[in-house]
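For the sequence shown, this note's numbering begins at 677 and goes up steadily by one. For glycine and all other residues, C-beta sits at the position ideal for the given N, C-alpha and C. Just so it is clear, the structure is predicted and the values come from calculations on it, not from any experiment. Heads up: the structure comes next, in structure tokens.
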Amino acid sequence: MTPLSNATLKQLPPQVLTPAYDRQKTTPGIAHLAVGNFHRAHQAMYVDRVLARPGQQDWAIVGIGLRDNERETRRAAIMAEQNGLYTLTEFATDGGHTTRVLGAITEYVQAAKDRAGAIRRLADPAIKIVSLTITEGGYYVDADGRFMLDDPAIAADLKRDLPETAFGLVTEALRLRRDSGVGPFTVLTCDNLQDNGVVARTAFCSYAKARDAALGEWIAENVTFPSTMVDRITPSVSSADVTRLDELSGVADKMPLFAEDFTQWVVEDNFCAGRPELESVGVEFTNDVGPYEQVKLRMLNASHSMLALPGLLMDYQTVPDAMGDTSLVTLLEQFLAQDASPFITPPKGVSLEGYAHQVLHRFRNPAVGDQLLRIASDSASKLPVFLTDTVKGVLGANKDHRRLAFGVACFLEYLRGETESHKSYTLSEPGLPDAAKALALESDLAAGLRMPVFAGWGLDAYPAFTKDVVALRTSMREHGVRHTLKNLGLS
Ligand code: CS2
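See below:
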């Protein structure tokens, strides 16, 4: 097997596609904060395509890792060893696949090792866009849309000379740019949040104003925060996956990736310092991303959660495994058609029925095998984003709320950390403080609904919903999740 680096690009197996441009002739115009698998399979894939277009060589990416842990250090070491190159294998639901080497990330900086260096890198006049994937919970914006200035992580960062959060690094870089007359860059969020540009603006501007009021004002006036809708299912990669992917491609890549063949990126066209011609490589630009976000978050992401939470409790491991269970499929079909769709205003030309069908088709992709535990992780941050409007719509219209009560009951039971056959799994709920989690574990089975997760749902006005959640949790404990789902009588 051939190792991967600039030097070996021409020796790779012929079926592996390689960058169609000279990487040496590119320079970074984008800095991306938090370089996870999703970024590498989505935005960096689009940028890889655009770098091959005439006149687009100034839009390569400098990756900025934010975390300070072993995984991050390993990532930085592999990035250096492979010159930022990695393979992405895309799988179609019918089994076909393509492997390509992506070359858009030409530089990598581990911010935790050199914060001043990272800030200087962002202040480089060549950087016109700072994009980010810091997760749904990473914006510290509460149910009322306010930035949580007194959250301990933010309060501590505000006091540091050299900050370490995304907000702090960006604020300090913008200070250097203002002071030297370089001007602003665009802050481009690529996280799954409704109105993610507005959320990003609130978070970054609130942080900056708290640090330095005048600088905060300057940022609010000069920096743009376009909204985006991002979509591509990108599972996490186990060591068994690394072996499987490398055997398939013939490339000894230490950090290969895989994803479905579907990909979509819809972006609000509001870039204060210019942007690459991404429309030439399939990115859709629009003045109103809202309807696209609504469809994606409330249908695809919400269905993912509605499948992963019960699926995990029912001892399934992956999305296609869970999709083999007809009662779960019925749950999703009805959730999409009867709960989510009636309250969505889709963009012109988008059929919600067609979209729902496509979502289920994507979930059936056997090669993608996305882990239910990955999708369930951080549900405390995800459920408010994916379900709030649907729950409000269904309850407000006095419609059948069984499926939603079931999903919520599964979330609360999932927090106990074991499946219906008593196998334990490791919870990853960074957005859930211990006190909130304790509510889900109380013997009063309604207490969990008082968690901040549900703060925006107005559940107090709907005692019948609470009563059903309690009854479903009781049934899950007495008879199991599978049995409780069957007894919902959905078909
Ligand atoms: C998933 C997403 O973890 C989740 O919440 O629903 O990661 C999903 O795979 C992506 O948003 C797809 O674009």
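### Message
For the ligand CS2, I want to know if residue 1129 counts as a neighbour, meaning its beta carbon is within less than 7 Å of at least one of the ligand's heavy atoms.
### Response
No.
### Query
What's the gap between the Cα of residue 1021 and the Cα of residue 870?
If you take the alpha carbons of residue 1021 and residue 870, they lie about 13 Å apart.
### Task
Let me know the secondary structure DSSP gives residue 894 once reduced to three states.
Of the three classes helix, strand and coil, the one that applies to residue 894 here is helix, per DSSP.
### Task
With a cut-off of 8 Å on the beta carbons, I'd call residue 717 and residue 933 a contact; round off their distance for me.
That belief holds up - the Cβ atoms of residue 717 and residue 933 are roughly 5 Å apart, short of 8 Å.
### Query
Do three or more CB pairs link the region 960-971 to the region 918-931 at distances below 8 Å?
Too few Cβ pairs lie closer than 8 Å, so no.
### Message
Tell me whether residue 1005, by its Cβ, gets closer than 7 Å to a heavy atom of the ligand CS2.
### Response
For the ligand CS2, not one heavy atom lies less than 7 Å from the Cβ of residue 1005.
### Task
Starting from the C-beta of residue 1106, find all residues in its chain whose C-beta is less than 7 Å away, skip the five residues before and the five after it, and write them out in chain order.
Only 813 and 1054 meet the Cβ criterion.
### Query
residue 724: beta carbon under 7 Å from a heavy atom of the ligand MN?
What this structure holds is the ligand CS2, not the ligand MN.
### Query
Looking only at DSSP bridge pairs, what is residue 993 linked to?
DSSP output for residue 993 lists no bridge partner at all.
### Task
Measure the C-alpha to C-alpha separation of residue 800 and residue 912 and round it to an integer number of angstroms.
Residue 800 and residue 912 have their alpha carbons spaced roughly 32 Å apart.
### Query
Which residue comes first and which comes last in the alpha helix (DSSP H) that contains residue 1159?
Looking at the DSSP string, the run of the alpha helix (DSSP H) that includes residue 1159 is 1157-1163.
### Task
Please confirm if the region 844-861 is in contact with the region 795-809, defined as three or more CB-CB distances below 8 Å between the two stretches.
Segments in contact, yes.
### Task
May I ask which residues mark the beginning and end of the beta strand (DSSP E) holding residue 738?
For residue 738, the uninterrupted beta strand (DSSP E) run begins and ends at 736-741, by DSSP.
### Query
residue 1122: which of 1081, 1157 and 1103 sits nearest, CA to CA?
Answer by Cα proximity: 1081.
### Query
With respect to 7 Å, is the separation between the Cβ of residue 868 and the closest non-hydrogen atom of the ligand CS2 below this value?
In this structure, residue 868 has its CB closer than 7 Å to one or more heavy atoms of the ligand CS2.
#### Entry: Meets three-Cβ-pair contact criterion under 8 Å: the region 1060-1080 and the region 1089-1102
As far as the Cβ criterion goes, the region 1060-1080 does not touch the region 1089-1102, which means the pair count is below three.
### Query
Would you call the region 750-762 and the region 809-826 touching, i.e. three or more CB-CB distances under 8 Å?
For the pair of segments examined, the region 750-762 was found not to touch the region 809-826: the number of CB pairs separated by less than 8 Å stays below three.
#### Entry: Stretch pair the region 835-853 + the region 781-796: three plus CB contacts closer than 8 Å
Yes, the region 835-853 is in contact with the region 781-796.
### Message
Which of the three DSSP states is assigned to residue 962 in this structure?
### Response
Residue 962 falls in the strand class under three-state DSSP.
### Task
Thinking residue 777 and residue 688 are a contact (beta carbons under 8 Å), I'd like their distance in whole angstroms, please.
Indeed they touch by this definition, with Cβ atoms about 7 Å apart.
### Task
Could you have a look at residue 697 and say whether DSSP puts it in helix, strand or coil?
Of the three classes helix, strand and coil, the one that applies to residue 697 here is coil, per DSSP.
### Message
I'd like to confirm something about residue 906: is its beta-carbon nearer than 7 Å to some heavy atom of the ligand CS2, or not?
### Response
At least one heavy atom of the ligand CS2 is found less than 7 Å from the C-beta of residue 906.
### Query
Does the distance from the CB of residue 723 to the CB of residue 740 come in under 8 Å?
Cβ atoms of residue 723 and residue 740: not closer than 8 Å.
### Task
Within its chain, find whatever has a CB closer than 8 Å to the CB of residue 988; leave out the 5 residues flanking it on each side and keep chain order.
Within the same chain, Cβ atoms closer than 8 Å to the Cβ of residue 988 are found at 1048, 1049, 1052, 1090, 1095 and 1101, the five residues on either side in sequence being excluded.
### Message
Considering Cα atoms alone, identify which of 880, 796, 1166 and 733 is closest to residue 849.
### Response
Nearest neighbour of residue 849 by Cα position, chosen from 880, 796, 1166 and 733, turns out to be 796.
### Query
What alpha helix (DSSP H) runs, 4 residues minimum, are completely inside the region 1027-1107?
Listed in chain order, the complete alpha helix (DSSP H) runs (minimum 4 residues) inside the region 1027-1107 are 1028-1039, 1048-1052, 1055-1072 and 1078-1090.
#### Entry: Residues near residue 735 by beta carbon distance below 7 Å, same chain, minus five either side
Within the same chain, residue 735 has close Cβ partners 705, 706, 723, 726, 727 and 952.
### Query
Beta carbon of residue 907, beta carbon of residue 976: below 8 Å?
Between residue 907 and residue 976, the C-beta spacing is below 8 Å.
### Query
Taking the runs of the beta strand (DSSP E) that are 3 residues or longer, which of them lie wholly in the region 750-777?
With a minimum length of 3 residues, the continuous beta strand (DSSP E) runs that stay inside the region 750-777 are 762-767.
### Query
What residue ranges within the region 811-843 form continuous alpha helix (DSSP H) runs of no fewer than 4 residues, ordered along the chain?
Secondary structure remark: continuous alpha helix (DSSP H) runs of at least 4 residues inside the region 811-843, in chain order: 828-835.
### Task
Label residue 1161 either buried or exposed according to how many other C-beta atoms from any shown protein chain fall within 10 Å of its C-beta, with 16 as the threshold for buried.
Taking every protein chain shown into account, the CB of residue 1161 has 16 or more other CB atoms within 10 angstroms, so this residue is buried.
### Message
Below 8 Å on the Cβ atoms is my contact criterion, and I expect residue 924 with residue 808 to pass it. Report the Cβ-Cβ distance as a whole number of Å.
### Response
Wrong, their Cβ atoms sit about 31 Å apart, outside the cutoff.
### Task
Quick one: measure Cβ to Cβ for residue 1036 and residue 981, integer angstroms, because I've assumed they're closer than 8 Å.
Not quite, the Cβ-Cβ distance comes to about 15 Å (not below 8 Å), so this is no contact.
### Message
Pop quiz: residue 865 and residue 901 are said to be a contact at Cβ under 8 Å. What is the actual Cβ separation, rounded to whole angstroms?
### Response
Indeed they touch by this definition, with Cβ atoms about 7 Å apart.
### Message
Can you tell me where the beta strand (DSSP E) holding residue 708 begins and where it ends?
### Response
Counting along the chain, the beta strand (DSSP E) containing residue 708 begins and ends at 704-709.
### Query
Under the criterion of a Cβ to heavy atom distance below 7 Å, does residue 977 qualify as lining the ligand CS2?
Correct: residue 977 has its Cβ closer than 7 Å to the ligand CS2.
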